[in-house]
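J.: Here the protein sequences line up with chains A and B, keeping their order. The first sequence lines up with residues 168 to 344 when you count with our numbering. The second sequence lines up with residues 168 to 344 when you count with our numbering. Just dropping this structure here.
2 protein chains.
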Amino acid sequence: MLRLTLDMDDVLADTHEKLIDIVLNEFDTIYSREDLMKDSLRNLLHPKQYGKIRNILLSEGFFADIPVKKGAVETVRRLSDYYEIYIATAAMEFPNSFVDKYNWLKKHFDFIDWKNIVFCGDKSIINSDYLIDDHTKNLIPFKGTGILFTAPHNLNVTGFQRVDNWDEVSELFLPHR
Amino acid sequence: MLRLTLDMDDVLADTHEKLIDIVLNEFDTIYSREDLMKDSLRNLLHPKQYGKIRNILLSEGFFADIPVKKGAVETVRRLSDYYEIYIATAAMEFPNSFVDKYNWLKKHFDFIDWKNIVFCGDKSIINSDYLIDDHTKNLIPFKGTGILFTAPHNLNVTGFQRVDNWDEVSELFLPHR
């Protein structure tokens, strides 16, 4: 069985959506929801506001209730019939996220064994045939075939095979009827 | 640079020693310290007592104050001049250990970047030239060269290159003067 490794934030989990909700509801901002889907928050926000976002990401509880990306659960469940599925998230950047992330995966992806979950930093350590990730910094050092999952911060990136959503992951990786 | 990945429990950390202290001080036992160095606690202890050990391993705080193995810090520091060092621990088995393990590494191995720390389950996911580990279940699925670090539970295992302590790691991996 080939091994397919999935990133968590902005691939399985709609992390950007939760952050946008915070910006729209709690920050003083001129942006609309549509504006905030066009680039990274790092590029769009004032450095002071982006600093606040970083602090929110670093705080306990942030990762506990992130919405699941549309179609992710059903597609991953079907993929697990054809691939050895691993989930690899750069949790080491946010040590307060460990338990939240572990519980989130248990809640939404309970069919993934704990043996197949990886909290890492640099993803060059991942031994897998495929990696689906929204960050080129993760895909570049990866030794297998990397697939870029579209996110606001990577809209202008070229040079990677790209999927826009879970329907496209299903299209690319599952047998056609 | 070749990549050398190190396991944590019973390789960097003297986990067995902490468990033996608990058995000798808190359990009703006929064993001496020497006896408890001759086999795994799973084999030596009554199932009820071993169940208690499992609960201790699962509880928050257990991993926070484990002693460091003799020579580990100095040797890993010297190895990091010659190898890309990663630390990979099967933390997913003990979700309450995440923060303890992260803080333990920051305290004793602060020269290892967070990007080079991996909390995983199955170590077949580790992409590395070498892995030093005390468990054959981790070394067998590993794709690179595995080295068995001697521990009470693996004394009778054959078929692996073996190191007994950090002096022997140094001998094997560092250039001789």
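Cβ coordinates follow ideal geometry from the N, Cα and C atoms, glycine included.
Looking only at its chain, what residues have a beta carbon closer than 7 Å to the beta carbon of R244(B), apart from the 5 residues adjacent to it on each side?
T.: The count along the second sequence starts at 1 and reaches residue 244(B) at position 77. For R244(B), where only same-chain residues beyond five positions count, the Cβ hits under 7 Å are F278.
J.: Might you give, ordered along the chain, the residues of its own chain that have their beta carbon closer than 8 Å to the beta carbon of D345(A), omitting 5 neighbours on each side?
T.: The structure shown does not extend to residue 345(A), since chain A spans only 168 to 344, so no value can be given for it.
J.: For chain B, check one thing: does any of its Cβ atoms lie closer than 8 Å to the Cβ of Y297(A)?
T.: Taking the first residue of the first sequence as 1, we reach residue 297(A) at position 130. No, its Cβ sits nowhere closer than 8 Å to a Cβ of chain B.
J.: With a cut-off of 8 Å on the beta carbons, I'd call L203(A) and I220(A) a contact; round off their distance for me.
T.: In the first sequence, counting from the first residue as 1, residue 203(A) sits at position 36. In the first sequence, counting from the first residue as 1, residue 220(A) sits at position 53. Between I220(A) and L203(A) the Cβ distance is about 11 Å, and since that is not below 8 Å, they are no contact.
J.: Give the interface partners of Y269(B) over in chain A, defined as CB-CB distance under 8 Å, in chain order.
T.: In the second sequence, counting from the first residue as 1, residue 269(B) sits at position 102. Residues of chain A passing the Cβ test: M259, P262 and F265.
J.: Is the distance from the Cβ of G218(B) to the Cβ of W281(A) below 8 Å?
T.: The residue given as residue 218(B) occupies position 51 in the second sequence. The residue given as residue 281(A) occupies position 114 in the first sequence. The answer is no: Cβ separation not under 8 Å.
J.: Does any residue of chain B bring its CB to less than 8 Å from the CB of D277(A)?
T.: Position 110 of the first sequence, counted from the start, is the residue given in the question as residue 277(A). Not an interface residue.
J.: Taking a cut of 8 Å between CB atoms, which residues from the stretch 224–241 of chain B lie near chain A?
T.: Residues passing the 8 Å Cβ filter: none.
J.: For D334(B), does the count of other Cβ atoms within 10 angstroms reach 16, so buried, or fall short, so exposed?
T.: By one-based count along the second sequence, residue 334(B) stands at place 167. By the neighbour-count rule (16 or more Cβ atoms within 10 Å), D334(B) is not buried but exposed.
J.: Does W281(B) get closer than 8 Å to chain A when you measure Cβ to Cβ?
T.: Locating residue 281(B) in the second sequence gives position 114, where the first residue counts as 1. Closer than 8 Å: yes.
J.: In chain A, what lies closer than 7 Å to D289(B) by C-beta?
T.: In the second sequence, the residue the question calls residue 289(B) occupies position 122. In chain order: K282 and N283.
J.: In chain A, which residues lie less than 8 Å from Y249(B) when you measure between Cβ atoms?
T.: For the purposes of this step, residue 249(B) is identified with residue 82 of the second sequence, where counting begins at 1. By Cβ distance, chain A contributes nothing, its closest Cβ being about 18 Å from Y249(B), past 8 Å.
J.: With distance defined between alpha-carbon atoms, name the residue in L171(B), N332(B) and L246(B) nearest to K237(B).
T.: For the purposes of this step, residue 237(B) is taken as the residue at position 70 of the second sequence. Cα-wise, what sits closest to K237(B) is N332(B).
J.: Since D181(A) contacts P234(A) with CB under 8 Å, what's their CB separation in whole angstroms?
T.: Here residue 181(A) refers to the residue found at position 14 of the first sequence. Here residue 234(A) refers to the residue found at position 67 of the first sequence. Correct: roughly 5 Å between the Cβ atoms.
J.: Quick one: give me the first and last residue of the alpha helix (DSSP H) that G288(A) is part of.
T.: Indexing the first sequence from 1 puts residue 288(A) at position 121. G288(A) -> no alpha helix (DSSP H), and no H or E assigned at all.
J.: List the residues of chain A that F316(B) touches, going by C-beta distances under 7 Å, in chain order.
T.: Here residue 316(B) refers to the residue found at position 149 of the second sequence. Near F316(B) there are no residues of chain A at all, since even the closest Cβ is about 20 Å away, more than 7 Å.
J.: Roughly how many angstroms lie between the CA atoms of H275(B) and T196(A), to the nearest whole one?
T.: On the second sequence, position 108 is the one that residue 275(B) refers to. On the first sequence, position 29 is the one that residue 196(A) refers to. About 44 Å.
J.: Could you please give the first and the last residue of the uninterrupted alpha helix (DSSP H) stretch that includes D334(B)?
T.: Within the second sequence, the letter at position 167 stands for residue 334(B). Run containing D334(B): W333 to F340, per the alpha helix (DSSP H) assignment.
J.: With DSSP run on the structure shown, which of helix, strand or coil describes V235(A)?
T.: Within the first sequence, residue 235(A) is the residue found at index 68, counting from 1. V235(A) falls in the strand class under three-state DSSP.
J.: Between which two residues does the alpha helix (DSSP H) containing I189(A) stretch?
T.: By one-based count along the first sequence, residue 189(A) stands at place 22. Its alpha helix (DSSP H) spans residues T182 to E193.
J.: Could you pull the DSSP bridge partners for Y253(A) from this structure?
T.: Translated into positions along the first sequence, residue 253(A) becomes position 86. BP columns for Y253(A) point to T172(A).
J.: Is G313(B) buried or exposed, if buried means 16 or more other CB atoms sit within 10 Å of its CB?
T.: Counting from one through the second sequence, the residue named residue 313(B) turns up at place 146. G313(B) should be labelled buried.
J.: Scan the stretch 307–334 of chain A for residues whose Cβ lies nearer than 7 Å to a Cβ of chain B and list them as they occur along the chain.
T.: Here the close residues are K310.
J.: Indicate whether A239(A) and K290(A) have their beta-carbon atoms separated by less than 8 Å.
T.: By one-based count along the first sequence, residue 239(A) stands at place 72. By one-based count along the first sequence, residue 290(A) stands at place 123. No. Outside cutoff.
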